[in-house]
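Asker: Quick one: the structure is below, questions incoming.
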Amino acid sequence: GDSVTQMEGPVTLSEEAFLTINCTYTATGYPSLFWYVQYPGEGLQLLLKATKADDKGSNKGFEATYRKETTSFHLEKGSVQVSDSAVYFCALKTGTASKLTFGTGTRLQVTL
Amino acid sequence: GAGVSQSPSNKVTEKGKDVELRCDPISGHTALYWYRQRLGQGLEFLIYFQGNSAPDKSGLPSDRFSAERTGESVSTLTIQRTQQEDSAVYLCASSPGQGFSYEQYFGPGTRLTVT
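Top line first, the protein sequences correspond to chains A and B. Residue 64 in the working numbering sits at position 64 of the first sequence, and the numbers go up by one each step. Residue 186 in the working numbering sits at position 74 of the second sequence, and the numbers go up by one each step.
Pasting the structure below:
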């Protein structure tokens with residue numbers, strides 16, 4: 001079946017540091033890929049998505065590129081802020097299913 | 113406009129009791145999903161509704177779990193004879209449709225603790 005593997009946290013960075021959160025996937029079909037974010041006390045919200053190979057999703061300074069050859073969708077940001085502290089979830093969706101398949105989440109803590 | 117709402121936000125129950133969790137989707141959203149997140153694990157899909165029908169129930173972990181949806185509106189997830197392993201955050205999401213281009217909007221979740 002489909003699965004998503006993402007790096008374990010927590011990830012602790014100083015403000016303005018570079019962020020990478022690794023995500024790899026296994027899918028039976030041709031998936032769409034997503035990053036969701038959950039800020040403290042808030043619901044899960046879509047951060048960015050990519051629907052085909054080599055697509056780059058971007059939002060709020062975050063980027064991720066759909067790499068079919070390495071089955072990866074790593075999340076990056078050039079300069080993190082304290083306000084980026086949250087839990088980040090990588091997810092996929094295939095054409096034959098309506099559901100999202102999620103990774104376990106990576107907690108990011110950004111300090112001054 | 114109003115987002116997805118869920119109630120209660122927290123529920124503590126004794127093992128063996130039944131619980132009902134409620135989800136109010138965004139108005140006009142035809143698709144509704146239930147997920148759960150156990151401590152240290154990712155979100156697990158439970159069930160999907162398109163309108164009133166549930167084409168995919170594959171994630172329901174046992175026959176103690178059931179869900180229904182009224183119209184294209186409120187959904188209730190019922191867990192009978194709760195067990196400690198049912199302790200989790202139960203998340204509801206709704207979407208204007210089910211295809212690739214439709215984003216799922218999540219509610220804040222119900223934290224269920226079975227003692």
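The beta carbon of each residue, even a glycine, is placed where N, CA and C say it ideally should be.
Look at the Cβ atom of Gln38(A), then the Cβ atom of Val87(A), and state whether they are nearer than 8 Å.
Answerer: In this structure, Val87(A) lies closer than 8 Å to Gln38(A) by Cβ.
Asker: Does the segment 183-198 of chain B come within contact of the segment 96-107 of chain A, defined as at least 3 CB pairs closer than 8 Å?
Answerer: The segment 183-198 of chain B is not in contact with the segment 96-107 of chain A.
Asker: Just by C-beta distance, which residues in the segment 60-74 of chain A are closer than 9 Å to chain B?
Answerer: The residues in question: there are none.
Asker: Would DSSP call Glu15(A) helix, strand or coil?
Answerer: Note: Glu15(A) maps to coil in three-state DSSP.
Asker: Tell me, to the nearest whole angstrom, how far the beta carbon of Tyr147(B) is from that of Phe157(B); I am working on the premise that it is less than 8 Å.
Answerer: Correct: roughly 6 Å between the Cβ atoms.
Asker: Roughly how many whole angstroms lie between the Cα atoms of Ser32(A) and Thr225(B)?
Answerer: Looking at the two C-alpha atoms, the distance is approximately 33 Å.
Asker: Taking beta-carbon pairs under 8 Å, can you tell me which members of the segment 93-109 of chain A lie near chain B?
Answerer: Listed in sequence order: Lys93, Gly95, Ala97, Ser98, Lys99, Leu100, Thr101, Phe102, Gly103, Thr104 and Gly105.
Asker: Assign Gly61(A) to buried or exposed, taking buried as 16 or more other Cβ atoms, counted over all protein chains shown, within 10 Å of its Cβ.
Answerer: Exposed: under 16 other Cβ atoms inside 10 Å.
Asker: For Ala87(B), which residues in chain A fall below 7 Å Cβ to Cβ?
Answerer: This structure cannot settle anything about residue 87(B), because the visible part of chain B is limited to 113 through 227.
Asker: For the beta strand (DSSP E) containing Leu100(A), list its first residue and its last residue.
Answerer: Neither: Leu100(A) is in no beta strand (DSSP E) and is coded neither H nor E.
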